[in-house]
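Peer 1: Shown below is the structure under consideration.
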Amino acid sequence: PDVVGTSCYITGVNEVKKICRAAKRWNPNCKTVVGGVHAAKAPADFADHTVDCIVTGDGTSMMPELMDAFAHNKPLEGIPGLALPTSETEVTFTAKRPYMPKADDLPFPRRDLVAHLRKKYYYLFHQPVTTMKTTWGCWYKCNFCFTWRITDGAQYSRSPESIADELETIESEEVYIVDDIFLINPGRLARLAKILRERGIRKKYLVYARADFISENEEIIAEWAGLGLSAVIIGLEAATDPELDSMNKECSVDYNRRAIATLRKHGVDTYGSLITQPDYTPREWERLQHFIDENGLYYLNISPLTPMPGTVIWDMYKDQIVVDRDAHGLWDLSHTVLPTRMPLKDYYRSLLGVYVRSCLSISRAGKLTLGTRPPVWSLKYLRLWLGAFQIMMQFRGAHRHHTPRELARAKDKGPAVEGLTHPPTASTNEMETTYRIAKSA
């Protein structure tokens, strides 16, 4: 290939390097471009002799400039918004640029190019599902999240007309809107709902929302349930207010309970995200289980608190990290990277226990009213149950993933490519790179 573009979260950093190394090994003149949310806040993680440039903002407007530079052999230093590797651990920055252009000016994705894969896209029981994005950035400043920092606190939202136009191009019935918060602006939601009804657009929607918004806007939930809202992913995060306050969540456990009840009242399923603290003892695990049981939660994602680079809590916890920064495969929100109060094995077994009692209990699932779940004895349900069982059983031995052997495996980025060096570049914009701890090639 002439150009290879890649994108990933933190867990895929070394896999991206493997891809770039394979591309350069095949064709040393191939240009390699890295982007994505992790590249935006931690570009030095991608410093490698086979990475030509790292995009630190939205790539949609950046790629035409890069293609022109590659085609005409123009220096990349003249393109704002790039990080250019100067060694295996460091990058230099070109001039700063706005994160992205006006949201309505972005072209729709070329879904026709992956039409042959459409039936394979799924999220839980939403299959086939099509993803779309209507907003970039966030209005809140949770300290464990870097979304609001990526856009420097700004929000970029598409108009209801633009959203409806794209929905009309989507063939699948299931649509997963991946905005960090979709249910946020009552006026925008009302206008979009009106347009959907006028155009006769009917889909099943999976979206993100905050518990306080759901609790305070039941009429909006009722309206959208009638338009096809089938499930909402809520960052419940914790079962106590002090924990929520420690995350700067600006929410409460009471809001969490009311939101779950409101969604259930209107036939919308809750997909709950929870964060466990490193100082949990058996008492905190039982309290979390009680919260799950009393609120009838079934769809859960439970993650140990992880100070991602670029977040506020990274600055708070970076000196306590016990998993090497370049062991990217273990920064997956399933492994703890902080020292735990309980023995590591007991911590993971406690986490597994919550999953087993909450999600793997077929009898419990059968007692809950869930609109998105197929019958518990259906092949579709059992197939997903077996997959979930295999994943969850990994927690049983997760403490062994912290051994030197497993850490080395998580750091592997493939063999180096002989004959490639980093070109000399001049720094045109200073940017803090102190988060780059791992210095090994």
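Each residue of the sequence shown is one higher than the last, beginning at 666 in this note's numbering. The beta-carbon is built from N, C-alpha and C at its ideal position, and this holds for glycine as well.
1) Whole angstroms are fine: how far does the CA of Val702 sit from the CA of Val681?
2) With respect to the beta strand (DSSP E) encompassing Ser938, which residues constitute its N-terminal and C-terminal limits?
3) If contact is defined by three or more beta carbon pairs under 8 Å, each pair taking one atom from either stretch, is the segment 820 to 835 in contact with the segment 853 to 869?
4) Mapping DSSP to helix, strand and coil, what is Ala760?
5) With which residues is Asn966 paired in a DSSP beta bridge?
6) Taking all protein chains shown into account, do 16 or more other C-beta atoms lie within 10 angstroms of the C-beta of Arg864, making it buried, or fewer, making it exposed?
7) Return the first residue and the last residue of the alpha helix (DSSP H) that Thr725 is part of.
8) Taking Tyr787 as part of the alpha helix (DSSP H), name the residues at either end of that continuous run.
9) Mind reading off the beta-carbon distance from Val638 to Phe711? Whole number of angstroms is fine, and I expect it under 8 Å.
10) Have a look at the DSSP bridge pairing and note the partners of Tyr873.
11) When you compare only the Cα positions, how much space is there between Glu1095 and Thr799?
12) For Met981, does the count of other Cβ atoms within 10 angstroms reach 16, so buried, or fall short, so exposed?
13) Is the Cβ-Cβ distance between Lys1078 and Asp713 less than 9 Å?
14) Counting Cβ pairs closer than 8 Å, one from the segment 1019 to 1037 and one from the segment 969 to 988, do we hit at least three?
15) Quick check on Ala819: does DSSP put it in helix, strand or coil?
16) Three-state secondary structure (DSSP) at Glu836?
17) Take every Cβ of the segment 1047 to 1061, pair it with every Cβ of the segment 978 to 997, and state whether three or more of those distances are shorter than 8 Å.
18) Candidates Glu838, Ser837, Glu839, Val872: which alpha carbon is nearest Leu854's?
19) For Val840 and chain B, any beta-carbon pair shorter than 9 Å?
20) Work out the CA separation of Phe735 and Met728 for me, nearest whole Å.
21) In whole angstroms, give me the CA-to-CA distance for Ala1073 and Ala992.
22) Is the separation between the beta-carbon of Thr796 and that of Tyr870 shorter than 9 Å?
23) Note down the Cα distance separating Ile675 from Ala904, rounded to an integer number of angstroms.
24) Applying the criterion that 16 or more other CB atoms from any shown protein chain within 10 Å of the CB defines a buried residue, is Ala1106 buried or exposed?
25) Count the other C-beta atoms from every protein chain shown that fall within 10 angstroms of the C-beta of His737, then say buried if there are 16 or more, exposed otherwise.
26) Rounded to the nearest angstrom, what separates Arg1038 and Cys1024 at their Cα positions?
27) Does the beta-carbon of Ala704 have 16 or more other beta-carbons within 10 angstroms, so that it is buried, or is it exposed?
28) Less than 8 Å between the CB atoms is what I'm expecting for Ser837 and Ile898, so what's the real figure, rounded?
29) Kindly give me the distance between the Cβ atoms of Val933 and Ala896, rounded to whole angstroms, as I take these residues to be in contact under 8 Å.
30) Could you tell me which of Gly994, Lys683, Asn694, Gly677 sits nearest to Gly1084, measuring between CA atoms?
31) Which residue comes first and which comes last in the beta strand (DSSP E) that contains Gly700?
32) How is the beta strand (DSSP E) around Cys803 delimited, first residue to last?
33) So, is Thr1099 buried or exposed, given that buried needs 16 or more other C-beta atoms within 10 angstroms?
34) So, Thr725 versus Leu771, is the Cβ gap smaller than 9 Å?
35) Contact defined as beta carbons within less than 8 Å: I believe Arg606 pairs with Gly722. What is the distance between those atoms, to the nearest angstrom?
36) Pick helix, strand or coil for Pro750, following the three-state DSSP scheme.
Peer 2: This is what the structure gives:
1) Along the sequence shown, read from residue 1 onward, the residue named residue 681 stands at position 16. Along the sequence shown, read from residue 1 onward, the residue named residue 702 stands at position 37. The C-alpha of Val681 lies about 14 Å from the C-alpha of Val702.
2) As a working note, residue 938 is residue 273 in the sequence shown. Its beta strand (DSSP E) spans residues 934 to 941.
3) In short, these stretches touch, since the Cβ pair count reaches three.
4) Locating residue 760 in the sequence shown gives position 95, counting from the first residue. Under the three-state reduction of DSSP, Ala760 is assigned to coil, being neither helix nor strand.
5) Walking along the sequence shown from the start, residue 966 turns up at place 301. Asn966 is bridged to Ser938.
6) The residue you call residue 864 lines up with position 199 of the sequence shown. Looking at its Cβ environment, which holds fewer than 16 other Cβ atoms inside 10 Å, Arg864 is exposed.
7) Counted from its first residue, the sequence shown places residue 725 at position 60. Start and end: 724 to 736.
8) Sequence index remark: in the sequence shown, residue 787 carries index 122 (1-based). Boundaries cannot be given for Tyr787, as no alpha helix (DSSP H) includes it and DSSP labels it neither H nor E.
9) For the chain, the structure presents residues 666 to 1106; residue 638 sits outside this window and is missing.
10) Counted from its first residue, the sequence shown places residue 873 at position 208. Residue pairing from DSSP places Tyr873 in a beta bridge opposite Ile898.
11) The residue given as residue 1095 occupies position 430 in the sequence shown. The residue given as residue 799 occupies position 134 in the sequence shown. Bear in mind that a pLDDT of 39 at Glu1095, under 50, signals an unreliable position, so the model cannot answer this.
12) Start at 1 with the first residue of the sequence shown, and residue 981 comes out as number 316. The residue in question, Met981, is exposed, as its Cβ has fewer than 16 Cβ neighbours within 10 Å.
13) In the sequence shown, residue 1078 corresponds to position 413, counting from 1. In the sequence shown, residue 713 corresponds to position 48, counting from 1. Yes; because the gap between Cβ atoms is below 9 Å, this pair is in contact.
14) By the Cβ rule, the segment 1019 to 1037 does not count as touching the segment 969 to 988, because fewer than three pairs are nearer than 8 Å.
15) Counted from its first residue, the sequence shown places residue 819 at position 154. Ala819 falls in the coil class under three-state DSSP.
16) By 1-based counting over the sequence shown, the position of residue 836 is 171. Reduced to three states, the DSSP call for Glu836 is coil.
17) The segment 1047 to 1061 and the segment 978 to 997 do not touch, with fewer than 3 CB-CB distances between them shorter than 8 Å.
18) Translated into positions along the sequence shown, residue 854 becomes position 189. It is Val872.
19) Note that chain B does not occur in the displayed structure, where there is just one protein chain.
20) Stepping through the sequence shown from its first residue, residue 728 is reached at position 63. Stepping through the sequence shown from its first residue, residue 735 is reached at position 70. Their Cα atoms are separated by approximately 10 Å.
21) Translated into the one-based positions of the sequence shown, residue 1073 becomes position 408. Translated into the one-based positions of the sequence shown, residue 992 becomes position 327. The straight-line gap from Cα to Cα measures roughly 7 Å.
22) Taking the first residue of the sequence shown as 1, we reach residue 796 at position 131. Taking the first residue of the sequence shown as 1, we reach residue 870 at position 205. Note that the C-beta distance between Thr796 and Tyr870 is not below 9 Å.
23) To locate residue 675, count along the sequence shown from 1; it is residue 10. To locate residue 904, count along the sequence shown from 1; it is residue 239. So the alpha carbons of these two residues sit roughly 27 Å apart.
24) Taking the first residue of the sequence shown as 1, we reach residue 1106 at position 441. Reliability of the predicted coordinates at Ala1106 is poor, the pLDDT of 30 falling under 50, and no value is obtained from them.
25) As a working mapping, residue 737 is identified with position 72 in the sequence shown. By the 10 Å Cβ count, His737 comes out exposed.
26) For this step, residue 1038 is matched to residue 373 along the sequence shown. For this step, residue 1024 is matched to residue 359 along the sequence shown. Going by C-alpha positions, Arg1038 is about 12 Å away from Cys1024.
27) By one-based count along the sequence shown, residue 704 stands at place 39. Burial of Ala704 is indicated by the presence of at least 16 other C-beta atoms within 10 angstroms of its C-beta.
28) For the purposes of this step, residue 837 is identified with residue 172 of the sequence shown, where counting begins at 1. For the purposes of this step, residue 898 is identified with residue 233 of the sequence shown, where counting begins at 1. Rounded, the Cβ-Cβ distance is 18 Å, inconsistent with contact.
29) Residue 933 sits at position 268 when you count from the first residue of the sequence shown. Residue 896 sits at position 231 when you count from the first residue of the sequence shown. The pair is a contact, with the Cβ atoms about 6 Å apart (cut-off 8 Å).
30) The sequence position of residue 1084 within the sequence shown is 419, counting from 1. The shortest Cα separation from Gly1084 among Gly994, Lys683, Asn694, Gly677 belongs to Asn694.
31) Position 35 of the sequence shown holds residue 700. Per DSSP, Gly700 is one residue of the beta strand (DSSP E) stretching across 696 to 700.
32) The residue you call residue 803 lines up with position 138 of the sequence shown. Taken as a continuous stretch (DSSP letters only), Cys803 belongs to no beta strand (DSSP E), as it is neither H nor E.
33) As a first step, residue 1099 is located in the sequence shown; it is residue number 434 there, counting from the start. Confidence in Thr1099 is poor, its pLDDT being 30 and thus under 50, which makes the residue's placement unreliable; the coordinate value appears in the next sentence. With a 10 Å radius around the Cβ and a threshold of 16 neighbouring Cβ atoms, Thr1099 comes out exposed.
34) Position 60 of the sequence shown holds residue 725. Position 106 of the sequence shown holds residue 771. Thr725 is a Cβ neighbour of Leu771, given a cutoff of 9 Å.
35) Residue 606 falls outside the range modelled here, since the chain spans only 666 to 1106, and no answer is possible.
36) What you label residue 750 is simply residue 85 of the sequence shown in a count that begins at 1. In this structure, DSSP gives Pro750 an extended state, which the three-state scheme calls strand.
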